[in-house]
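Protein chains in written order, with the numbering used here: chain A, 75 to 188; chain B, 10 to 123. We treat Cβ as the ideally placed atom computed from N, Cα and C, and that holds for glycine. As the structure is a prediction and not an experimental result, all values here were calculated from the model. A quick write-up on the structure given underneath.
Printed below as a string of structure tokens:
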């Protein structure tokens, strides 16, 4: 089974802290994604990566950055956390976009910024 | 750009009732369409998909047919169970070159009562 693992289920951080959310997949997938999920807004794409060291902005990249130094790991960084970044964060990976393959999701990280 | 509109929830049904969750989309070309399900406390998992017009995706008693003429991909199940209680997301992936991301609807929460 494909496994997408997010490093934490729950995080509480203070305003202004630098926050790292880590995601690891074990199936050699090319594409990886970070979404945030908010009630009434569904899933919104923050950033995605289609290969190592490659990244593209999604719909709501402001306040976030990402890093993909190795194929299996995709990190989301909040440079200076703010209360409006309190949310559920979901990581996903997929083998290859061209073949419409299934995207696999991690269990999510619920981040609270106080 | 691409967009997905799905019916607002929450939806509450009695066990063995018929379920329909409406989903319509806006996209150029020939997108692929998906339904994902999120059980409480978990990440999203693929429920079914269809990659071309008139395709029917099916899984676990759920079905959806890709209707290009009405730009719709409605989810149906003939007899729901308590274990179907979850949030359901309609999603699409564009067909153009470089179309990596999935665009999601806002989700529909389904509660099934015994």
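How is the beta strand (DSSP E) around residue i delimited, first residue to last?
i	result
residue 116 of chain A	116 to 125
residue 143 of chain A	138 to 144
residue 44 of chain B	41 to 47
residue 129 of chain A	128 to 131
residue 108 of chain A	105 to 112
residue 177 of chain A	Careful: residue 177 of chain A lies outside any beta strand (DSSP E) and carries neither H nor E.
residue 61 of chain B	No beta strand (DSSP E) holds residue 61 of chain B; DSSP gives it neither H nor E.
residue 74 of chain B	71 to 74
residue 183 of chain A	183 to 187
residue 156 of chain A	Segment: none, residue 156 of chain A is in no beta strand (DSSP E) and carries neither H nor E.
residue 120 of chain B	117 to 122
residue 85 of chain B	84 to 86
Taking C-beta pairs closer than 7 Å, name the residues in chain A that residue i reaches, listed in chain order.
i	result
residue 51 of chain B	181
residue 116 of chain B	116
Work out the CA separation of residue j and residue i for me, nearest whole Å.
i	j	result
residue 108 of chain B	residue 91 of chain B	37 Å
residue 39 of chain B	residue 29 of chain B	24 Å
residue 72 of chain B	residue 179 of chain A	22 Å
residue 125 of chain A	residue 81 of chain A	21 Å
residue 90 of chain A	residue 143 of chain A	25 Å
residue 98 of chain B	residue 135 of chain A	22 Å
residue 123 of chain A	residue 76 of chain B	31 Å
residue 104 of chain A	residue 149 of chain A	15 Å
residue 89 of chain B	residue 119 of chain B	10 Å
residue 137 of chain A	residue 26 of chain B	44 Å
residue 83 of chain A	residue 184 of chain A	6 Å
residue 139 of chain A	residue 130 of chain A	10 Å
residue 78 of chain B	residue 88 of chain A	50 Å
Listing by chain order, which chain A residues have their CB less than 9 Å from the CB of residue i?
i	result
residue 22 of chain B	Under the 9 Å cutoff, chain A gives no residues; its nearest Cβ is about 21 Å from residue 22 of chain B.
My understanding is that residue i touches residue j, with C-beta atoms under 8 Å, so please give their C-beta distance in whole angstroms.
i	j	result
residue 37 of chain B	residue 14 of chain B	Not quite, the Cβ-Cβ distance comes to about 16 Å (not below 8 Å), so this is no contact.
residue 119 of chain A	residue 132 of chain A	3 Å
residue 166 of chain A	residue 177 of chain A	5 Å
residue 96 of chain B	residue 117 of chain B	7 Å
residue 186 of chain A	residue 86 of chain A	5 Å
Just to make sure I have the definition right: I need the residues of chain A whose C-beta is within less than 8 Å of the C-beta of residue i. Which are they?
i	result
residue 98 of chain B	116, 117
So who's on the other strand from residue i, going by DSSP bridges?
i	result
residue 26 of chain B	Beta-bridge pairing links residue 26 of chain B to no other residue.
residue 112 of chain B	B:101
residue 68 of chain B	B:71
residue 12 of chain B	B:35
residue 147 of chain A	A:98, A:144
residue 80 of chain A	A:97
residue 168 of chain A	A:105
residue 1 of chain B	With chain B represented from 10 up to 123, any question about residue 1 of chain B goes unanswered, as that position is not in the structure.
Kindly list, in the order they appear in chain B, the residues whose Cβ is closer than 9 Å to that of residue i.
i	result
residue 107 of chain A	109, 110, 111
residue 122 of chain A	109, 110
residue 132 of chain A	110
What does residue i touch in chain B if you count any residue whose Cβ is under 7 Å from its own?
i	result
residue 176 of chain A	55
By the criterion of Cβ-Cβ separation under 8 Å, what are the contact partners of residue i in chain B?
i	result
residue 164 of chain A	52, 53
Please confirm if residue i has its CB atom under 7 Å from at least one CB of chain C.
i	result
residue 95 of chain A	Note that chain C does not occur in the displayed structure, where the protein chains are A and B.
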